[in-house]
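In what follows, a single structure is set out as C-alpha cells and then discussed.
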Ligand SMILES: [Zn+2]
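Numbering (our numbering), first residue to last: 113 to 321.
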C-alpha cells in the first residue's frame, strides 16, 4: 500500500501514521527523517543538503524528491510506505507521480481552532515520533514514551505564533493537493476531531475498503 497522509500540523497524522505503519509493517517516510538519514549515511544528496542547511538555505524540491526516490527503492518499501509531510506542494506531487504511483491519500481533517487548542499542549517523542497531549493524552508514565521508552520533551516550535504560521503555509502550499488527488479519485477525508481511537477505526476501515 502506497499511502500519503495529509493533514495540517497538529491534525494527528503522525499518530495515525504510526498505527498504520505498525499494522501494515510499512515504513513512515517524512522529509525530516529522510534528510537526517541521508546526512548520517553521508550520501551525495545528503551531503549536498547538509551544505545548504548549514548555510541556512532551504533544500530545494529537486533534492528532496531525488532523496525520496532513493529512499523508496530501499527494501523496506517493497510492500509500500506512508508518506508524511511529503509531498507538501503541487510541484512535489507532480515530481512524485514520475517516481511512483500512489494508491491512496488520506486527509485527517481538523479545523484550525481545534488544532490551536490541541497543539499548545502537545508533546512529541524525539525518537519515534509518537505524540502525546499534556491534558488529553498523557503517557502512561510521566515524561516517558509509551512506545519506545524515550524521554519526552515539549517541541520547541509548538508555540502559538509558529503554529499559526505553519497552518497558514499548510493552507496555502499543501491544501491544494486535496484537489490534485481528488481529481484522481484517490483522496479520502477523515474527520480528525474525534478521539484518537475513533479516528483510527475510520482510518483502518478506509484502508481495508
Ligand atoms: Zn517514542
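Ideal Cβ placement from N, Cα and C applies to all residues, glycine included.
- Relative to residue 140, the option among 196, 227 and 277 whose CA is nearest is 196.
- Rounded to whole angstroms, the gap between the alpha carbons of residue 117 and residue 228 is 20 angstroms.
- Per DSSP, residue 226 has no beta bridge partner at all.
- Taking a C-beta distance under 8 angstroms as the contact criterion, residue 157 and residue 179 qualify as a contact pair.
- In the structure shown, residue 216 adopts extended strand secondary structure according to DSSP, grouped into three states.
- Look at residue 123 here: in three-state DSSP terms it is coil, with no helix or strand label.
- In this structure, residue 193 lies away from residue 125, with their beta-carbon atoms at least 8 angstroms apart.
- When secondary structure is reduced to three states using DSSP, residue 182 falls in the helix class.
- Taking residue 148 as reference, the option from 121, 135 and 176 with the minimal CA-CA separation is 176.
- Distance from the CA of residue 224 to the CA of residue 314, rounded to the nearest whole angstrom, comes to 21 angstroms.
- Residue 304 and residue 275 have their alpha carbons spaced roughly 18 angstroms apart.
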